[in-house]
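Shown next, in structure tokens, is the structure this report addresses.
Number of protein chains: 2
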Amino acid sequence: MGRIIAVMRVTIHEIARRAGVSPSTVSRALNGKGRMRPETRERILRIARELNYRPNAHARGLATKKTHCVGVGISERHMPVKRSFYNVILSSLESTLASYGYHLVFSVLHNEEIPRCISEGRVDGFIILGTDVQRSLVRTLVKRVPILLVDNHLPGVDAIAVDNTGGAYFAVEHLISHGHRRIAFMVETMGDPNFEERFLGYRKALEDHGISFDERLVVEGRRERGFVRIAVRKFLEIKPLPTAIFAANDYTAAGAISLLREEGLRVPEDVAVVGFDDGEVAAYISPPLTTVFVPRGDMGRLAALRMVELLEGKEKRPRSIVLAPELVRRRSCGCRYVT
Amino acid sequence: MGRIIAVMRVTIHEIARRAGVSPSTVSRALNGKGRMRPETRERILRIARELNYRPNAHARGLATKKTHCVGVGISERHMPVKRSFYNVILSSLESTLASYGYHLVFSVLHNEEIPRCISEGRVDGFIILGTDVQRSLVRTLVKRVPILLVDNHLPGVDAIAVDNTGGAYFAVEHLISHGHRRIAFMVETMGDPNFEERFLGYRKALEDHGISFDERLVVEGRRERGFVRIAVRKFLEIKPLPTAIFAANDYTAAGAISLLREEGLRVPEDVAVVGFDDGEVAAYISPPLTTVFVPRGDMGRLAALRMVELLEGKEKRPRSIVLAPELVRRRSCGCRYVT
DNA sequence: CTGTTAGCGCATTCAA
DNA sequence: TTGAATGCGCTAACAG
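So the protein lines, in turn, are chains A and B. The first sequence begins at 1 in the numbering used here and counts up by one. The second sequence begins at 1001 in the numbering used here and counts up by one.
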């Protein structure tokens, strides 16, 4: 019998027994609710600590209808490309959520399906990473739990995003400052809202600098594995060849650089290249890629903070936070004497 | 009143009421336990479907003492470098676990701390990614829930790992087949068991090919940001300069290539380089990196499968699964006419 | 084959 | 300030 008790997880009943009070008193003491004699409270807390008591999440969840879990979903279609991008966000999300006592339930989103963690009531809120989610799904989910979009936005839904247009503007402006006038825009596919916004920034920068937009300089790949090769091939057919490329993301930029060099073109001498994201590759390719840094760590942290506020705070009117990206000058743009 | 019921989450009581049976019968029907009249069962299932019933995870967990959640932890110190590596594993883990009805609770491990998801009884088992975990922690956790190590191993604990020694052996043997005799081993720091094993494979390959090991050819960085630069500097001081480098991972290899080129050395003509991991960068740097492919997707899938077996199956004696890595020939080793 | 009963561990009324 | 009673939604003995 003694053995069994020793093995059993310690519950508030056990603490109550040892403290000579009732379970409900223990519950109150542990949660700091209501007034009670300080010495009673302290005795209870001490015993709880000694016994290394941890409340059972299920029991608590059943009673309070709160799970202290936040779901985080990413579209399965995003995985191949944006992997490392979202990984940074994921870890900062977890750290921040953890500091508020929340757990992170990770799930891959499959088209229109409602994530099981939501339908089973396992999470208090849900954070969606990326643009590759059906809007209708989001609209459905919003009715179930607080939803937060990261790296994406939708009217009326809370979101943390980055100023794609502004970032692209800086990138292109930088190329212009290097003397480039014929700057191509290279993108996997225009479908992605983030890419659309970057395209807008590209056009605006050209326009503001008196360069008329030439749609022949827009090279689009296709939504598939070898899209960079397709895009580069299209690029090489442009006459005369543009002197620079603004790529919608690093993945595309890195692929382009590697393929251009295969064709005997020098980067940045023959073709300057600027990317977007400042992902893992950026610093490791040669030449190191000039790109737009997206504050992924901040995005994760802010997303977690906002979610906690949504769950516990008072300010629940949808709010969209837009972070400013930053140009990171390396060498693919033609800059010298930089890392 | 009708409204309230409409808003309430549907429970087995509601289904029982509509089906004209008791809640326990509904429970049995839903879980397929015990025998019962087929028509009763079907009626219950139909109603459940119509009402879009989903069992409440907490209630079920409280009653069965199973959470249907698996925790996945990664050391905070691993995050900066192995990010993208573990991301692939993470998504395949989730997909596989999900197909068995399990959820993935992601958490970052902090030194000796017991993950809260374990102490709060939120997970049935726990998967640890990577080598950067205190053994003592693992020993502690093993007493709480089934533990599975991925990309790591410890006597007596279930594990899914890759044959680092074998992979390194192939990599070095390949360099030797290109005619190299003076091959350097470049590593961030020898502390990591995976790196130690790769070092073993390096030595063994040299030995088997009649090349005596020269410890001056081992260049170690340091556990910090600029370690590749330090390592490359050391490398450049070796006289005569080795003609090839086997790097303990892609991260190091990619950094080395970029720095070597800055020094005016050609890769692979002056120095051939082979990495390990086949991470995101490998295909995107130039020259594309010859490296050892680690089947991360398989690792995740197998880990999930094994964990489910640990939780539900009979075969619980610790088992360690070692996967065979594969050499991916690109161009940094000197191979031609390959991708 | 099915209903009744009794918890699972905790929070929260309501009394005392 | 504290205790007893109740219920969260579900499963599992035990009866019937």
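Beta carbons are placed, not taken as given, at the ideal position from N, Cα and C, and that holds for glycine.
> Out of curiosity, what's the CA-to-CA distance linking B:Gly1275 and B:Met1190?
Replying inline: Their Cα atoms are separated by approximately 16 Å.
> Looking at B:Thr1096 and B:Gly1231, is the spacing between their C-beta atoms short of 8 Å?
Replying inline: The identity of residue 1231 of chain B in the sequence shown is Ala, whereas the question assumes Gly. No, they are not a contact pair.
> First and last residue of the alpha helix (DSSP H) that includes A:Glu50?
Replying inline: Where A:Glu50 is concerned, the enclosing alpha helix (DSSP H) stretches over 38-50.
>> So, at 8 Å on beta carbons, what are the nonlocal neighbours of A:Val172 in its own chain, with the 5 sequence-adjacent residues on each side left out?
In response: Its chain contains Ile183, Gly201, Tyr202, Ala205, Leu206, Phe246, Val274 as the residues whose beta carbon lies nearer than 8 Å to that of A:Val172, once the 5 sequence neighbours on both sides are disregarded; these appear in chain order.
> When you compare each of B:Glu1196, B:Gly1073, B:Ser1099 to B:Arg1301 by their alpha carbons, which one comes out closest?
Replying inline: Nearest C-alpha to B:Arg1301: B:Ser1099.
> So what does A:Val219 bridge to, in DSSP terms?
Replying inline: Its beta-bridge partners are A:Met186.
> Between the beta-carbon of B:Glu1094 and the beta-carbon of A:Phe106, is there less than 8 Å?
Replying inline: For B:Glu1094 and A:Phe106, yes; Cβs fall inside 8 Å.
>> With a threshold of 8 Å between beta carbons, is B:Leu1062 in contact with chain A?
In response: For B:Leu1062, the answer is yes, since a Cβ of chain A falls inside 8 Å of its Cβ.
> When the cut-off is 8 Å and only beta carbons count, does B:Val1108 lie next to chain A?
Replying inline: Among the CB atoms of chain A, one or more fall inside 8 Å of the CB of B:Val1108.
> In whole angstroms, what is the alpha-carbon distance linking A:Ser258 and B:Tyr1284?
Replying inline: The C-alpha of B:Tyr1284 is placed about 7 Å away from the C-alpha of A:Ser258.
> In chain A, which residues lie with their C-beta within 7 Å of the C-beta of B:Cys1333?
Replying inline: Chain A residues near B:Cys1333: none, gap ~16 Å exceeds 7 Å.
> Out of A:Ile238, A:Glu188, A:Ile89, A:Ile12, which has the shortest C-alpha to C-alpha gap to A:Ala345?
Replying inline: As displayed, chain A neither begins before 1 nor continues past 339, which places residue 345 of chain A out of reach and without an answer.
> Apart from the five residues on each side of it in sequence, which residues of its chain come closer than 7 Å, Cβ to Cβ, to B:Leu1327?
Replying inline: Cβ within range, chain order: Phe1170, Ala1171, His1174, Val1292.
> Does any CB atom of chain B fall closer than 8 Å to the CB of A:Val142?
Replying inline: Contacts with chain B at 8 Å (Cβ-Cβ) do not include A:Val142.
>> List, in chain order, every chain A residue whose beta-carbon is nearer than 7 Å to that of B:Pro1055.
In response: Correct list: Glu120.
> DSSP state of B:Glu1094, grouped into three classes?
Replying inline: B:Glu1094: helix per DSSP, three-state reduction.
> How many angstroms separate the CA atom of A:Ile128 from the CA atom of A:Met36?
Replying inline: Going from the Cα of A:Ile128 to the Cα of A:Met36 covers about 43 Å.
> Do B:Leu1030 and B:Ala1048 come within 8 Å of each other at the CB atom, strictly closer than that value?
Replying inline: For B:Ala1048 and B:Leu1030, yes; Cβs fall inside 8 Å.
> If you measure from the beta carbon of A:Val145 to each beta carbon in chain B, is any gap under 8 Å?
Replying inline: A:Val145 has a beta carbon lying at 8 Å or more from every beta carbon in chain B.
> Across which residues does DSSP place B:Phe1293 in a beta bridge pair?
Replying inline: Partner(s): B:Asp1277, B:Glu1326.
> Taking the C-alpha atoms as reference points, what is the distance between B:Asp1277 and A:Arg139?
Replying inline: Answer to the nearest angstrom: the Cα atoms are 40 Å apart.
>> Within 8 Å of any Cβ in chain B, is that where the Cβ of A:Ser91 sits?
In response: True, the Cβ-Cβ gap to chain B drops below 8 Å.
>> Here's the rule: buried if 16 or more other CB atoms are within 10 angstroms of the residue's CB, otherwise exposed. What is B:His1209?
In response: B:His1209 is exposed by the Cβ-count criterion.
>> Below 9 Å on C-beta distance, what does B:Arg1009 contact in chain A?
In response: Chain-order list of chain A residues neighbouring B:Arg1009: Gly121, by C-beta distance under 9 Å.
> By Cβ distance below 6 Å, which residues in the same chain neighbour A:His103 in space, the five residues on each side in sequence not counted?
Replying inline: If we look at A:His103 and ignore the five residues flanking it on each side, its Cβ neighbours are Cys69.
> Who are the Cβ neighbours of A:Arg122 in its own chain at under 7 Å, not counting the five residues just before and after it?
Replying inline: Apart from the 5 residues on each side of it in sequence, A:Arg122 sits with its Cβ closer than 7 Å to the Cβ of Thr67, Cys69, Val105 in its chain, given in chain order.
>> Quick check on the burial criterion: 16 or more other C-beta atoms within 10 angstroms. Buried or exposed for B:Thr1243?
In response: Taking all protein chains in view, the Cβ of B:Thr1243 is crowded by 16 or more other Cβ atoms within 10 Å, so the residue is classified as buried.
> Is the Cβ of A:His58 closer than 8 Å to any Cβ of chain B?
Replying inline: Judged by the 8 Å Cβ criterion, A:His58 is in contact with chain B.
> Where do the N-terminal and C-terminal ends of the beta strand (DSSP E) with B:Ala1168 fall, by residue?
Replying inline: Unbroken run through B:Ala1168 is the alpha helix (DSSP H), 1164-1177; no beta strand (DSSP E).
> Residues of chain A with CB under 7 Å from B:Arg1261, in chain order?
Replying inline: At a beta-carbon threshold of 7 Å, the residues of chain A lying near B:Arg1261 are Ser286, ordered along the chain.
> Going by alpha carbons, who is nearest to A:Ser286 out of B:Cys1335, B:Gly1255, B:Ala1161?
Replying inline: Of the listed residues, the one whose Cα sits closest to A:Ser286 is B:Gly1255.
>> Assuming B:Ala1244 is part of the beta strand (DSSP E), what are its boundary residues?
In response: Segment 1244-1247, the beta strand (DSSP E) holding B:Ala1244.
> How big is the Cα-Cα spacing for A:Ser24 and A:Arg9?
Replying inline: The alpha-carbon atoms of A:Ser24 and A:Arg9 are separated by roughly 18 Å.
>> Considering only DSSP beta bridges, list what B:Ser1075 is partnered with.
In response: According to DSSP, which records beta bridges pairwise, B:Ser1075 is partnered with B:Leu1109.
> List, in order along the chain, the chain A residues whose C-beta lies closer than 9 Å to that of B:Ser1258?
Replying inline: Simply Ala283, Tyr284, Ile285, Ser286, Pro287, Pro288.
> Under the three-state reduction of DSSP, which class applies to B:Cys1333: helix, strand or coil?
Replying inline: Here DSSP, grouped into helix, strand and coil, assigns B:Cys1333 to coil.
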